[in-house]
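I have placed the structure first, in the form of structure tokens, so that the comments after it can refer back to it.
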Amino acid sequence: MSQRLRTILFIAFAAIFITTAPAVVLMTAGFRYNWEKHRLEKTGVLQLDSDPRGAHILLNGTPLKETTPASIFHVLPEDYRIRIEKQGYFPWGKTLEVPSGGTVFAKNVVLYDDSLPQLAYGAAFASSAWDPDAHVAALVVRDPDGSRHAE
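Counting in my numbering, the sequence shown runs from 3 upward without gaps.
Structure representation (structure tokens):
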């Protein structure tokens with residue numbers, strides 16, 4: 003290999019290094035180029051969790067591979083339409099603003115069952131009362147003969 007070819011290769015590799023090294027350093031520091039705003043911006047993070055877990059996530063209408071709970075890194079700062087959905091449950095949706103260098107949390111998102119309510123007690127009752135923790139109910143039931151008793 004001639005001296006001239008070695009010099010050309012050295013200059014080419016040095017130029018590639020000088021141009022790519024700052025880009026690599028900025029990417030590892032959490033910066034990305036925003037093509038819509040034509041500028042470099044610090045990215046943010048979306049933290050999403052739902053009950054029940056394992057729900058599908060849509061970001062601006064695009065399905066993601068992750069299911070809840072999920073951390074979505076390197077998100078450019080802007081508003082995002084988040085939709086969390088799971089078969090058999092009503093979907094949840096909201097627009098969240100991701101700040102530059104910040105983290106946005108959507109924790110404890112409750113997905114409600116989309117089935118019709120089931121009849122738990124079939125007798126006619128006169129009145130009811132809940133315990134203070136709302137875990138147990140007391141019913142005053144009216145018997146067919148008109149008498150009442152507690153259940």
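The beta carbon of each residue, even a glycine, is placed where N, CA and C say it ideally should be.
Cα-Cα separation, glutamine 49 to glutamate 38: In a straight line, the C-alpha of glutamine 49 is about 24 Å away from that of glutamate 38.
Within 8 Å, strictly: CB atoms of aspartate 51 and lysine 88: no
Can you tell me which residues form a DSSP beta bridge with phenylalanine 107? Paired residues: Gln49.
First and last residue of the uninterrupted alpha helix (DSSP H) at arginine 41: Here arginine 41 belongs to no alpha helix (DSSP H); instead the beta strand (DSSP E) covers 41-44.
Contact the stretch 58-65 vs the stretch 81-95: 3+ CB pairs below 8 Å: yes
Once you ignore the five residues that flank threonine 105 on each side, which residues in its own chain have a CB closer than 7 Å to its CB? Gly46, Val47 and Gln49
Looking at the unbroken beta strand (DSSP E) that takes in valine 77, where does it start and where does it end? 72-77
Give every residue of the same chain whose Cβ lies closer than 6 Å to the Cβ of tyrosine 114, excluding the five residues on either side of it in the sequence, and list them in chain order. For tyrosine 114, where only same-chain residues beyond five positions count, the Cβ hits under 6 Å are Phe92.
Rounded separation between valine 112 and proline 24 - CA only: Approximately 43 Å between the Cα atoms of the pair.
Would you give the residue range spanned by the alpha helix (DSSP H) that valine 27 belongs to? According to the DSSP assignment, valine 27 belongs to the alpha helix (DSSP H) that extends over 5-30.
Cβ contact (3+ pairs, closer than 8 Å) linking the stretch 71-82 and the stretch 131-142: Counting C-beta pairs closer than 8 Å gives fewer than three between the stretch 71-82 and the stretch 131-142, which falls short of the contact rule.
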